[in-house]
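Protein chains: 2
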Amino acid sequence: MKKSRISVAVDLLVFTIEDNRLKLLMVRREEEPYKDRLALPGVFVGEEEDLDAAAKRGILEEAGLKDIYFEQLYTWGGIDRDPRMRIISVSYMALVPLEQLNYSAGARTTEVLLLDVEELLRGEAEEPAFDHKEIIRYARWRLMNKVEYTKIAFHFLPEEFTLPELQRVYEILLGKPLYKANFRKKIADLVEETDRYTEGDAHRPSKYYRLKEQEKNV
Amino acid sequence: MKKSRISVAVDLLVFTIEDNRLKLLMVRREEEPYKDRLALPGVFVGEEEDLDAAAKRGILEEAGLKDIYFEQLYTWGGIDRDPRMRIISVSYMALVPLEQLNYSAGARTTEVLLLDVEELLRGEAEEPAFDHKEIIRYARWRLMNKVEYTKIAFHFLPEEFTLPELQRVYEILLGKPLYKANFRKKIADLVEETDRYTEGDAHRPSKYYRLKEQEKNV
DNA sequence: CGAATAGTGTCTATAAGACAGTATATC
DNA sequence: GATATACTGTCTTATAGACACTATTCG
Numbered sequence: 006m007k008k009s010r011i012s013v014a015v016d017l018l019v020f021t022i023e024d025n026r027l028k029l030l031m032v033r034r035e036e037e038p039y040k041d042r043l044a045l046p047g048v049f050v051g052e053e054e055d056l057d058a059a060a061k062r063g064i065l066e067e068a069g070l071k072d073i074y075f076e077q078l079y080t081w082g083g084i085d086r087d088p089r090m091r092i093i094s095v096s097y098m099a100l101v102p103l104e105q106l107n108y109s110a111g112a113r114t115t116e117v118l119l120l121d122v123e124e125l126l127r128g129e130a131e132e133p134a135f136d137h138k139e140i141i142r143y144a145r146w147r148l149m150n151k152v153e154y155t156k157i158a159f160h161f162l163p164e165e166f167t168l169p170e171l172q173r174v175y176e177i178l179l180g181k182p183l184y185k186a187n188f189r190k191k192i193a194d195l196v197e198e199t200d201r202y203t204e205g206d207a208h209r210p211s212k213y214y215r216l217k218e219q220e221k222n223v
Numbered sequence: 006m007k008k009s010r011i012s013v014a015v016d017l018l019v020f021t022i023e024d025n026r027l028k029l030l031m032v033r034r035e036e037e038p039y040k041d042r043l044a045l046p047g048v049f050v051g052e053e054e055d056l057d058a059a060a061k062r063g064i065l066e067e068a069g070l071k072d073i074y075f076e077q078l079y080t081w082g083g084i085d086r087d088p089r090m091r092i093i094s095v096s097y098m099a100l101v102p103l104e105q106l107n108y109s110a111g112a113r114t115t116e117v118l119l120l121d122v123e124e125l126l127r128g129e130a131e132e133p134a135f136d137h138k139e140i141i142r143y144a145r146w147r148l149m150n151k152v153e154y155t156k157i158a159f160h161f162l163p164e165e166f167t168l169p170e171l172q173r174v175y176e177i178l179l180g181k182p183l184y185k186a187n188f189r190k191k192i193a194d195l196v197e198e199t200d201r202y203t204e205g206d207a208h209r210p211s212k213y214y215r216l217k218e219q220e221k222n223v
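Chains V and S, in that order, are what the protein sequence lines are. Read in order, the letters of the first sequence are residues 6 to 223 in the working numbering. Read in order, the letters of the second sequence are residues 6 to 223 in the working numbering.
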């Protein structure tokens, strides 16, 4: 039976929303190749480690995050992805509310930063290492798609949120403005109201909602 | 840098439609483990081989097929998937019109057969080896989903087809009957008519259509 | 009261669903 | 003409889109 010299890694795409922009967590490489360049955080998969477990570990080690939503995206297996050796990379997408993000808690000493995804894809930011720009482009496309037919957008928000906040998340992910009344009709069945309201703003307060329990796993 | 003992394989889900049923190509294993059990065809990924290239090679070697539609599905990485060793398996789904399927042409001497997917998933057929039943269930789910929002169904038919044939493919994949008039309205913009008709049937002939050129890559 | 944002009612346009009818082959 | 399947017209229902209006807070 074959014993391959192929290494398997997971690359992590940790998305969040900051200042009404979609942001992605990236790290600055401290080693060759691509030293000092921006790259997706990632870890090698242990010989006795589930793929999902490796992703979970990576999210904890690189972003200091536990118990957040993640899903497998795609597996990248080009021959020359990494100049050192053959690496198959299984990409995972994780979504997290900004409040929960605490990337200084990562075990690694690398510099960790949040990049504006649209700027990055338009080439207005630093060019990412490896084939990571392509991976990011794919993830952004999948995210945009899934917003339309899943409840994925909710993962960017805390347990309780206002409908204007939720609408803003949808607008950012879809890249276009939505009509308030229509948006509320569409998501009405997914959410349930709380009895809390926003306070202190110089305008009408907004009611807090949460995702209905029975909608969480549908 | 780590040198892992993880092997990478691709598992192939070659779907076709026969006798108005969704069928899947499977092989009978000639070696332990799971000797004589049904399994998905698959190949190990070479150290100097692209992932997609490995899938393409597998489709050729195991099913004798060239130039057919395929796409990556999901990567399975549980620890105990294979009792011999750690294998990460990247699954690929391929779709082929029955007319084109010629599985006796596979290089391997293994027995190759077409299984009814619904029967298999309901447990009315032989139980597949490894975690292949789970993979099949996932692929069937993805296929069903993609029918609704992509043109994936066309890959089960030859270049030219009648609308009743196309409708039958949709019905098989969706698992429910569709209204003729409504179906035709929905796909009207995707197809263009030819000047050929079915012949010899004891009823009104049916016009042949083909997928519009500009729709092929959308 | 003005500014700012939250929230609702309703009209219109488009798509999905259901059904009934007509058309054209073979035997 | 009987049978079998291909094809079309149209009514109904549901959903998406657009816009105007009312509501409530702070300063």
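Backbone N, C-alpha and C fix where the C-beta goes; we use that ideal spot for every residue, glycine too. Since the structure is predicted, the reported quantities are computational estimates derived from the model, not experimental observations.
The beta-bridge partner set that DSSP reports for valine 13 (chain S) consists of S:Ile93. Taking the Cα of leucine 17 (chain V) as reference, the smallest distance to any Cα among V:Leu171, V:Glu53, V:Thr80 is reached at V:Thr80. If you look at tyrosine 74 (chain S), you'll find it in the beta strand (DSSP E) that goes 74 to 81.
Under the 8 Å criterion on CB atoms, tyrosine 143 (chain S) is classed as non-interfacial with respect to chain V. Sorting S:Tyr175, S:Leu65, S:Arg86 by C-alpha distance to the C-alpha of alanine 134 (chain S) places S:Arg86 at the top. Within its own chain, the residues whose Cβ lies closer than 7 Å to the Cβ of leucine 162 (chain S), once the five positions on either side in sequence are excluded, are Pro102, Glu170, Leu171, Val174, listed in chain order.
Contacts between threonine 80 (chain S) and chain V, judged by CB atoms closer than 8 Å, involve Leu56, Gln77, Thr80, Val95 in chain order. With distances taken between CA atoms, tryptophan 146 (chain V) lies nearest to V:Ile177 out of V:Arg33, V:Lys191, V:Ile177, V:Glu220.
Annotation for leucine 168 (chain S): the continuous alpha helix (DSSP H) segment containing it runs 168 to 179.
Excluding its 5 nearest sequence neighbours in each direction, glutamate 104 (chain V) has C-beta neighbours in its own chain below 7 Å: Pro163, listed in chain order.
Among the residues facing chain V, glycine 47 (chain S) is not included, as its CB has no counterpart in that chain under 8 Å away. Taking a C-beta distance under 8 Å as the contact criterion, glycine 63 (chain V) and valine 48 (chain V) qualify as a contact pair. The beta carbon of arginine 10 (chain S) sits closer than 8 Å to some beta carbon of chain V. Pairing arginine 34 (chain V) with lysine 151 (chain S), the inter-Cα distance amounts to about 38 Å.
Contact annotation: tyrosine 74 (chain V) and histidine 137 (chain V) have beta-carbon atoms that are not nearer than 8 Å. In the DSSP assignment, glutamate 139 (chain V) falls within the alpha helix (DSSP H) that extends over 137 to 154. Under the Cβ criterion of 8 Å, isoleucine 140 (chain S) is not counted among the residues facing chain V.
Between glutamate 23 (chain V) and chain S, the shortest Cβ-Cβ separation is not below 8 Å.
Within chain V, the C-beta atoms nearer than 8 Å to that of isoleucine 84 (chain S) come from Glu53, Glu54, Asp55, in chain order.
At a cut-off of 8 Å between C-beta atoms, arginine 127 (chain V) does not count as an interface residue with respect to chain S. Using beta-carbon distances, arginine 91 (chain S) counts as an interface residue toward chain V, with a partner under 8 Å. The residue among V:Glu132, V:Ala14, V:Arg215 with its C-alpha nearest the C-alpha of methionine 90 (chain V) is V:Ala14. The beta carbon of valine 122 (chain V) sits no closer than 8 Å to any beta carbon of chain S. Secondary structure at alanine 59 (chain S): helix, using DSSP grouped into helix, strand and coil. By the criterion of a C-beta distance shorter than 7 Å, leucine 118 (chain V) is surrounded in its chain by Met31, once the five residues flanking it on both sides are discounted. In this structure, tyrosine 202 (chain V) sits near lysine 212 (chain V), with a CB-CB distance shorter than 8 Å.
Listed in chain order, the non-local C-beta contacts of threonine 21 (chain S) below 6 Å within the same chain comprise Lys28, Val101, Leu103, Leu106, local neighbours out to five positions each way being set aside. Taking a beta-carbon distance threshold of 8 Å, valine 152 (chain V) does not count as an interface residue toward chain S.
S:Asn25 is the residue among S:Val19, S:Asn25, S:Ile11 whose C-alpha sits nearest the C-alpha of lysine 181 (chain S). A distance below 7 Å between beta-carbons, with the five flanking residues on each side excluded, links isoleucine 92 (chain V) to the following residues of its chain, in chain order: Ser12, Ala14, Arg86. Exposure of glutamate 129 (chain S) is indicated by the presence of fewer than 16 other C-beta atoms within 10 angstroms of its C-beta.
Under the DSSP assignment, arginine 189 (chain V) falls in the alpha helix (DSSP H) whose first and last residues are 185 to 192.
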